[in-house]
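So the protein sequences, as listed, match chains X and D. Position one of the first sequence corresponds to residue 1 (the working numbering), numbered consecutively onward. Position one of the second sequence corresponds to residue 849 (the working numbering), numbered consecutively onward.
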Amino acid sequence: MLLVWKSSIRYLFRNRTYLLFSIIGIAMGVSVVVAIDLASKTAGNTFKFATEAVVGEATHKIIGGPNGLPDKIFKDIKFGTDVKDIAPIVEGIVTISETNKKVTLLGIDPFSEYGFRNFNIINSIESQNNFDSLLSVPNTVAVSQAFLETLSDDTSFQLISDDSIQNVQIVGIINPTNSINQIGFESLIITDISTAQEILNSIDILTRIDLKFQDEISSKKGISQIEMIVPSSVSIIPSGTRQKTVNEITKAFNLNLTALSLLALLVGIFLIYNTMTFSIIRRRNIIGILRAIGVTQKNIFLIFISEAIFLGIISVVLGVFLGILLAQTLLELITRTINDVFFAANVYQLQIDLFVLIKGSLLGIIASLIAAVIPSYEATRITPISAMIQSNRETSFRKILPLVSIVGLIFFIAGCILLLLPLSGIEISLLSLGCVTFGLTLQVPACTIFLLKAFNYFFKNIFSTLTFAAVRNIGASLSRISISIAALSLAVAVTIGIGLMIGSFRSTVEDWLNYSLVADIYISPPSVDSGQLQKSINTTLIQQITNLDEVNYVTKLLATELQTTEGTTQLAVVDSNIQILSESINLKKGNNSTVWKSFFTTNAIFVSEPYAYKNDIKIGDNIQLPTISGLKPFEVIGIYYDYSSSRGVILINRTIYNNNWNDIRVTSLALHTETASNSKSTIAKIEKLSKPYHPIEIQSVKEIKERSMDIFDRTFDVTSVLRLITIVVASIGILSSLIAFQIEKEKESAILRALGVTTNQFQLLTFFQTSIIGLISGLVAIPIGIIISWVLIHFINQRSFGWSMELDISFWIIIQGLLISILASMCAGIYPTFKNKSESISKALKQE
Amino acid sequence: MKIISTLTILLLIMILVVGCKSKAEPLTIPNAISLLQNSSSSDQFYSVTPNKQFDFPRDHGNHVNYSTEWWYFTGNLKTEENRHFGYQLTFFRRGLPNNNEKRESKWATENIYMGHFTLTDTTNNTFHQFEKFNRNSFNMAGSSDKHLDVWIDKWFVTTDSNNPLMLNVSAKESGISINFQLESDRDPVLQGDNGYSVKSRKENSASYYYSLPRMDTTGIISISDKNYKVKGTTWLDREWTSKGLARNQEGWDWFGLHIDKKIDIMFYQLRLESGDIDSSSSGIMINDDNHIQLNNNSVQITVTEHWKSSQTDIKYPSKWNISIPSEGLELTIKPYISNQELTGIFKYWEGAVKIKGTINETPITGSGYVELTGYQ
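Shown next, in the form of structure tokens:
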């Protein structure tokens, strides 16, 4: 038995270069899984803890209508009801000048805080100010120790709120009472509620009032008491609602990333399979001899499985290490995307979760095992006699090829059925995508044979015998090379698929921007984050702008939020004319000839496509909205395309809104100017007019489009990184297969070289072979990629975000995929080419 | 005499400014003392100086130029069936340092208030205790600068419009409420040197201090919707100052005693870290219209029993022999119930006590309140 193990160890050692590449390949697969998991968990935890730090133990919250919550309501509730645990909150997002990070500013009333949030505040040692100044001295704050460490001065810093820079003094340190939620306080500034109102320019207005009820009965009683004394525009909702919304959105995002990471691991599995198969083929003779001297099938199986576990363990250790490094980069990208799209929170440090590492490791080892089972089983089938027949394997491979294709077909059909089932879960969709992709990948060997035959047919008269032989040579080693081709195809297909999806998404958004941005100049206050009241534009200024000669028409918009029991609903209030509206709003559903009139005259609304999808809204449905006179039904008369919010938007006409909410604010303007006028000079004029007022941003339609597309592109940076990694993993796969291929062909190449094929010719030959492999992989990847993108667009994205988009098959993305495939393959061919060149002919021949 | 307790408690509010499920680590007295030293850095508050001319009812109201002030009501009451209750309702005001900037937010505050409300139900051997904090924004807490009106949330004391010595006292919390009418037939009694009460000679610390020692009290106590009509006597202490505890002082024992024959005694002894009693300890004995000043030498206090709190593990004295030989007074003082410990942000013992003893060998009885702080 010792002999058997010795033979195994010696083999592994002799083929260390080749093994190294396999290990790197698997390690990278594992690292991507670990990195994505670590990064999204860290980001997720940070957002979760940040929300928990802010929400604390509150069970419910009271929120105001579009105009916020007058702070007088707090006293009314405190003195007019039996509700005891009640805490007023003024909250907003500010930017730290020094670090340019966005953090949450939480204004609390310390005297109402009993039992709400899990922290206390200790005196800041560094501060000359006494701690109690937090209550009475303006612009004094408390921050966490971790936050303090990001600042150069630990007594004061500058923050930007509402476009003005303010100096604040640190007088206290936030001291979480629970060490686990420490992270939640890293992006938090706590102030007295008075300071928060002043910094956030939210005088007389509260963001919300937190409530804490011990049980169902007390909450029912408390809520009914509160409802009796507060105006009907105020609503009481469970505290977790915001967290729920955020969870749902980030869940879809994280799932997509996880799916991508699993694809990288799938490529890794192909690699292990390839490595194991190759090592078995190489040792057919040895296995034959071992079997002849009485080593049992069970022992042979054990040897190969052990080798797989050994490879798996080394790869996993390396993979976990690489994963942690990679996670840091991904974390920044993920956080940035979530911040861009969802809300503000900063992640300072990667949290290395042992569970994630163990999970990644197990996944890597299990993947290695799964990939090794079939080759190891095959090894046990080798009899002393069959070991001597070289072509045996090729023959058997060709025999099982139809089976591989059939299994693939079954996977593909199963995937399709899963997709078409009326189950809308993203997980199911991703599983179906996995099935479809895997099924298609199993068709690669058959396609390779077909393509090789086609090459032979077309090129036999064009190329020299030698070149022709190179192509045929690939066909002769199909059992080894087809796995690599499949792995590369898969990687390239994923690249093409995601590329096409992003491209289609991008062009859909671009089309939509072109369609909906019909005005020439857009004016809005500097952007604010969710949870903060959007600043309105001064009415005098609006009048002055309207009166400008260059301005033909002004569309007035109000972007606001309504709190419903389902969470925060985005509301867009539009004041425009029928012509502009019908030109800029692209209806997906609704009668184009009649809706516009109803929109202007009745309690009717339009909802955006994601809103309709997420809330299962159809034309003719009624949506209950909390108006100043209580809940009122609004009929949905149109569903329109909108890509500005994945949460969905309700569009309502200004007059209808004013009647129901008594709110005259305007948060943005769209100016239709004289065709002859120069938008630059008009912008300059408006800038001059706006000087005495609150700052506003004035952008030409061109600028606004560019900015939107910038944000769009940033969102997909993470995916680009992952696509790149998948390609690298696949290239390593190709490299290791090619090395295997060349080792296999050592004898043949020695013979060729002995026959007088020059080194240059030989290099050319290898180069040609690898290019053909790349070309085949690329060609096969194209249809698979298109199918992947089709599934992503029509199922995954539709179900994750509710956006519909048209598949736009970009020629360039396909060519790009093909080039990547050929280049990756050619790069992978460089090492074996040179290795071969240095190999001595006689040594190679002697092996005979 | 509540100066030290009040200051310390008010400073502790600052330390624990944000509620933390009330499980924050208890702060030790040395910590509180060190904070106390810091807090007096503000120059915006007046110092307490001798020879103040008191002006009533104005001085019943607030004194916002001094950093700390309190209204301290304690009393013993009985139903017609002789069922005994003790109560404490206290309001503390703390002026905050500020740089006199005009603030835009209505939440901005210059004064914060703390309230303690306790009810001792002797028959049921139960001690109910509540604690409240608030700022004077939106009048959620506050006090008048004209007469005795002070409130925090739904606890309040108001003065009768016709009689500045007639008060309405009301507090309600978690099914426990009190609703009393208080009336004093005596004018305020100035403590110390005409209301100038020295707290530490070493550190030149003092307060303005007066009492309404014997206010006839009638009203209703309500426990879980059950009403008890009661009658009894309340002691009101008023103090204000801008200076805190001396560095070498550890805690204090305060006695406010009502003895039959209309004898009222207030005495506080300040305990030093060294174990000695500070010579600034003082008090007063009112026998009809005679005001007898008491000091450390004229009063002898012996602790005869202790009680250990199972909640805080703090050991407090729980029985005393007090003698004032010059007046022929010998008293034994014992709590109505042992557990009258306040376990809010600041832990101390303040409770109703019963008195037995002799004056010039004639037996006497009475009831009072004792406050014990700084024990560990």
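We put the beta carbon where it would ideally sit given N, CA and C, even for glycine.
In this structure glutamate 928(D) is exposed. Its beta-carbon is surrounded by fewer than 16 other beta-carbon atoms within 10 angstroms.
With fewer than 16 other Cβ atoms inside 10 Å of its own Cβ, phenylalanine 450(X) counts as exposed. Residue range 701-715 is occupied by the alpha helix (DSSP H) that includes methionine 709(X). Here histidine 1106(D) is buried, its C-beta having at least 16 other C-beta atoms within 10 Å.
For methionine 228(X), the enclosing alpha helix (DSSP H) covers residues 216-229. Rounded to the nearest angstrom, the gap between the Cα atoms of isoleucine 189(X) and tyrosine 1164(D) is 41 Å.
Only those residues of the stretch 923-957 of chain D whose C-beta falls short of 8 Å from the nearest C-beta of chain X are listed: Leu944, Pro945, Asn946, Asn947, Glu949, Arg951, Glu952, Ser953, Lys954, Trp955, Ala956 and Thr957. Secondary structure at threonine 555(X): strand, using DSSP grouped into helix, strand and coil. Contact annotation: leucine 357(X) and valine 34(X) have beta-carbon atoms nearer than 9 Å.
Close CB contacts of aspartate 1108(D) within its chain, under the 8 Å cut and outside five residues either way in sequence, are with Ile1212, Thr1213 and Gly1214 (chain order). Using a CB distance cut-off of 9 Å, phenylalanine 965(D) does not count as an interface residue toward chain X. Membership of glutamate 583(X) in the alpha helix (DSSP H) is indicated by the continuous run 578-584.
Pairing glycine 312(X) with serine 368(X) gives a Cβ-Cβ distance under 9 Å.
The stretch 567-578 of chain X and the stretch 545-557 of chain X touch, with no fewer than 3 CB-CB distances between them shorter than 8 Å. Non-local beta-carbon contacts of serine 489(X) in its own chain, meaning distances under 7 Å to residues more than five positions away in sequence, involve Thr441, Val444, Ser777, Val780, Ala781 and Ile784 in chain order. Close CB contacts of asparagine 659(X) within its chain, under the 6 Å cut and outside five residues either way in sequence, are absent.
By the rule that beta-carbons nearer than 9 Å mark a contact, asparagine 1027(D) does not touch chain X.
Rounded to whole angstroms, aspartate 210(X) and isoleucine 1125(D) show a C-alpha spacing of 48 Å. Proximity to valine 137(X) across Pro945(D), Asp1008(D) and Tyr1217(D) peaks at Pro945(D), based on C-alpha coordinates. By the C-beta criterion, the stretch 369-379 of chain X is judged not to be in contact with the stretch 52-68 of chain X, since fewer than 3 inter-stretch pairs fall below 8 Å. Where isoleucine 1149(D) is concerned, the enclosing beta strand (DSSP E) starts and stops at 1148-1156. For tyrosine 641(X), no alpha helix (DSSP H) segment is defined, and its DSSP state is neither H nor E. The stretch 314-326 of chain X makes contact with the stretch 7-26 of chain X: 3 or more CB pairs, one atom from each, lie closer than 8 Å. Here glycine 620(X) is exposed. Its C-beta has fewer than 16 other C-beta atoms within 10 Å.
Between the alpha carbons of lysine 691(X) and leucine 562(X) lies a gap of roughly 31 Å. Here DSSP, grouped into helix, strand and coil, assigns proline 88(X) to strand. Between valine 143(X) and isoleucine 165(X), the gap from beta carbon to beta carbon reaches 9 Å or more. Collapsing the DSSP output to three states places glutamate 378(X) in a helix. Relative to isoleucine 545(X), the option among Ala371(X), Gln225(X) and Thr673(X) whose CA is nearest is Thr673(X).
Rounded to the nearest angstrom, the gap between the Cα atoms of isoleucine 36(X) and leucine 331(X) is 8 Å. Aspartate 1085(D) is classed as buried because its beta carbon has at least 16 other beta carbons within 10 Å across all chains shown.
Per the C-alpha coordinates, the member of Ile960(D), Thr1065(D), Phe1194(D) and Arg1034(D) positioned closest to leucine 925(D) is Thr1065(D). In this structure, the CA atom of threonine 150(X) is about 9 Å from the CA atom of glutamate 98(X). With a threshold of 9 Å between beta carbons, isoleucine 1140(D) makes no contact with chain X. Across the stretch 999-1014 of chain D, CB contacts with chain X closer than 9 Å involve Asp1001 and Lys1002, in sequence order along the chain.
By the Cβ test, the stretch 969-987 of chain D is in contact with the stretch 929-944 of chain D, since at least three Cβ pairs between them sit closer than 8 Å.
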